[in-house]
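Right, one structure below, let's go through it.
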Amino acid sequence: MKNKDMLLHLLTKIKDSLTDLAGENTIFSVAYDALKQIDCDDVKSYQSLKDVLSDCYKYLIEQESKGQLTLNERVLLNNIDRLDDLLVEGRM
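Under numbering that gives the first Met the number 0, the first residue of the sequence shown is numbered 0, with each subsequent residue one higher.
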């Protein structure tokens with residue numbers, strides 16, 4: 000799978016998770032709305048993706064430290080981590 004394809008696949012998974020969680024917490028609905036506005040073909044810096052997801056990530060880490068992550072939240076956290084790994088490893 001090409002790097003851009005991997006990114007798009009991860010973003011689709013993240014959007015799906017945010018859709019499922021948006022009704023539970025405004026952090027997720029705000030991130031989902033912001034992520035919908037990003038066109039991956041036009042993004043000059045993928046830092047903007049990380050910026051959009053930063054509040055979600057902080058919330059999820061806080062919930063994880065309390066042992067209160069739901070299954071859907073765990074999936075979202077894992078996919079955000081995978082996105083970060085993809086970006087950090089310089090594949091993008």
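Backbone N, C-alpha and C define an ideal beta-carbon position, used for all residues, glycine too.
Tell me the rounded alpha-carbon separation between residue 65 and residue 49. 23 Å
Nearest-angstrom Cα separation, counted from residue 70 out to residue 53: 19 Å
CB-CB under 8 Å to residue 55, same chain, minus the five flanking residues each way: which ones, in chain order? 17, 26, 27, 30, 75 and 79
Beta-carbon proximity check, residue 82 vs residue 9, cutoff 8 Å: yes
Given a cut-off of 8 Å on the beta-carbon distance, is the pair residue 14 and residue 34 in contact? yes
Cβ-based burial, residue 72 [other Cβ within 10 Å; buried from 16]: buried
Taking 8 Å as the limit between beta carbons, can you name the residues of its chain near residue 58, skipping five residues before and five after? 24 and 26
Helix, strand or coil, according to DSSP, for residue 26 in the structure here? helix
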